[in-house]
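Before any comments, here is the structure.
In the numbering used here, the protein residues as written are 25 to 491.
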C-alpha cells in the first residue's frame, strides 16, 4: 500500500509523460497484487480482470508516447504543459489515447466490471485504491487534458461515455443490497460524472470536476471503512441487516449518516458540485443533453442513498449494542474522515479560491467561483443538517424508546402484534430494490454496448485526425 501511495504521488507530481506512464503502470501492478491479496479463486480471477483491463489503457498510453515520438523527435512535447499549449492539431490524438487510458483506469463503462470485482479486496484496499486514489488517477489525466478536448467532437463523445456511465451505474445501484456493491456502482457513477465534465471541458466544468474529485474521495473513503467496520461487528455487509444500526452501533451509524449525507445532501460539496456542473453544462455546446442526464442520474442517487440511510437510523427496540469492541485505531481513522467530510464542506470556498481557481485561471485565463450569497446559504443549511446526527450522540442511557404505533393494535417490545383474524404478525421493514427494472445484468449489458460503441466512434474520429 505504501508502494502504491508512492506511485500515486509520482503520477500526480510528474509533468513528463514517460514518468507519468511509469507510475501509471506501477499503480496497475499494485492494484493487481492488492485485489488478489486473499489468494482465493475469486480474488485471483478479479485481480487478473483488473490487470487485463488496465493494461488496455496502458497500451493506449504507449500509443500516445509513440505518436509524440514521431511528431516531436526531440521530445519537446513530452511535457504535459507544453503539449497542452501546442494546440488541438498536435495534442488531440495523444489526448484521446490518454483519455481512453483514463476511462479504463477510472472503470467507466464498458470497463467497470473490474472495479465491481475489486470489492473482494480487504476494506482498506477498497477505501484507498477504489474510491479515493487509483480510480482518481484515471479522471485526473482526463481533467489535465480537458483544455485539448474542449470544443471537439472527440471530447463531446468522451463526455457522453462519462454521462451515460453516471446514469446507468446510478440506476444499477438501486438494485443492490450489498453495501460494498452500492459503493462500487456509486463510485463508477461519480467518476462518470467527472469525466463528463472534463470531456466537455469548459473552465466552469473543470472547476466543478476538481471539486467532485475532492469531495467524493473523502466521503467515499469514510463509507468504505464504515461498511468494513460494520461487517466485522454484525457479520454482514447487506443493507437489510443494518436495520437499527443507530441503536446497535450509534457512533459508527452517525459517521455513516454523515458520509451518506456528504454524497447527496445539501450543502455538502458533492451536491453543490453537481449544481455547479448543471449551471456550466447549460452554457456548453450540446449541454442540455448532459443537464438531462445529470438531472435523472442525480434523482436516482437520492433514491438509493436515502433508503440506505433509512435502514441505518430506524430504531429497533430489542437491538443489542455491539460497538464496544472496535479497536482504537479504527476509531481514529473513522473520526478523522468524518471530521474531514464536515470540514471540507465548511472550507471548500477557501479550497476553491486557494487551490482550484488558480489552476483553472492558469490554464484557461478565467475561472469560476461561488457567490457570497450561495456561501451564506450553504453555511445555514450545514448548521441545520448537522443538528440531527450530532443530537443522536447525546442520547443518555435513560432514553426511552416507545413501541411503534400500529393503528391501535397492541404491539410487544419485539415488534409483534395481532393482525386480522387474531393472527400474530411481526413488524418488518425492508427496502424496494426493483431488480426487474434496474437489474444489474440488463443495465450493465446496455451500458457496455452503448459506451463501447461511443469509444469505437471516438477511435474512428481520432484515426482520421492522425492520418
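Note that the Cβ used here is the ideal one computed from N, Cα and C, for glycine as well.
- In this structure, the straight-line span from the alpha carbon of residue 205 to that of residue 98 is close to 47 Å.
- Between the beta-carbon of residue 84 and that of residue 107 there is about 16 Å, and that puts the pair past the 8 Å contact cut.
- Ranked by how close their Cα comes to the Cα of residue 279, the residues 230, 306, 327, 337 have 337 in first place.
- Contact check for residue 476 and residue 196: beta-carbon distance about 17 Å, past the 8 Å limit, so the pair fails to qualify.
- Taking C-beta separations shorter than 7 Å and ignoring five residues to either side along the sequence, the partners of residue 160 in its chain run 237, 241, following chain order.
- Rounded to the nearest whole angstrom, the C-alpha separation of residue 289 and residue 202 is 22 Å.
- A distance of 9 Å or more separates the beta carbons of residue 258 and residue 331.
- Contact fails between the segment 179–196 and the segment 241–252, because fewer than three Cβ pairs, one in each stretch, are under 8 Å apart.
- When rounded, the separation of the alpha-carbon atoms in residue 55 and residue 449 is 49 Å.
- A contact between stretches requires three or more CB pairs, one per stretch, nearer than 8 Å, and the segment 311–322 fails this requirement with the segment 357–377.
- In this structure, the beta-carbon distance from residue 128 to residue 162 falls below 9 Å.
- Its Cα nearest to that of residue 375, the residue 231 stands out among 231, 469, 346.
- Between residue 126 and residue 166 a beta carbon distance of about 4 Å is seen, short of the 8 Å cut, so the two are scored as contacting.
- Residue 116 sits away from residue 49, with the two beta carbons spaced by 9 Å or more.
- It is roughly 33 Å from the alpha-carbon of residue 40 to the alpha-carbon of residue 307.
- Assignment of residue 103 by DSSP, reduced to helix, strand and coil, places it in the strand class.
- Relative to residue 71, the option among 86, 87, 52 whose CA is nearest is 52.
- Per DSSP, the continuous alpha helix (DSSP H) segment holding residue 257 begins and ends at 227–258.
- Per the C-alpha coordinates, the member of 113, 64, 104, 80 positioned closest to residue 146 is 64.
- Beta bridge pairing from DSSP links residue 435 with 441.
- Between residue 378 and residue 455, the alpha-carbon positions lie close to 43 Å from each other.
- According to the DSSP assignment, residue 309 belongs to no beta strand (DSSP E), since it is labelled neither H nor E.
- For residue 262, the beta-bridge partners assigned by DSSP are 202.
- For residue 449, the beta-bridge partners assigned by DSSP are 441.
- Under the three-state reduction of DSSP output, residue 430 falls in the strand class.
- Residue 199 is positioned such that its CB atom lies closer than 9 Å to that of residue 457.
- The residues 448, 450, in chain order, have a CB closer than 6 Å to that of residue 440 in the same chain once the five nearest residues on each side in sequence are set aside.
- Taking 8 Å as the upper bound for CB-CB distance, residue 59 and residue 131 are not in contact here, some 12 Å apart.
- A residue is called buried once 16 or more other Cβ atoms fall within 10 Å of its Cβ, and residue 429, having fewer, is exposed.
- For residue 382, the uninterrupted alpha helix (DSSP H) run begins and ends at 381–388, by DSSP.
- In the three-state scheme derived from DSSP, where H, G and I count as helix and E and B as strand, residue 456 is classed as coil.
- About 4 Å separates the CB atoms of residue 119 and residue 169; that is less than 8 Å, so the two are in contact.
- If you look at residue 58, you'll find it in the alpha helix (DSSP H) that goes 41–59.
- Residue 301 is a Cβ neighbour of residue 221, given a cutoff of 9 Å.
- Spatial neighbours of residue 468 in its own chain (CB-CB distance under 7 Å, excluding positions within 5 residues in sequence) are listed in chain order as 196.
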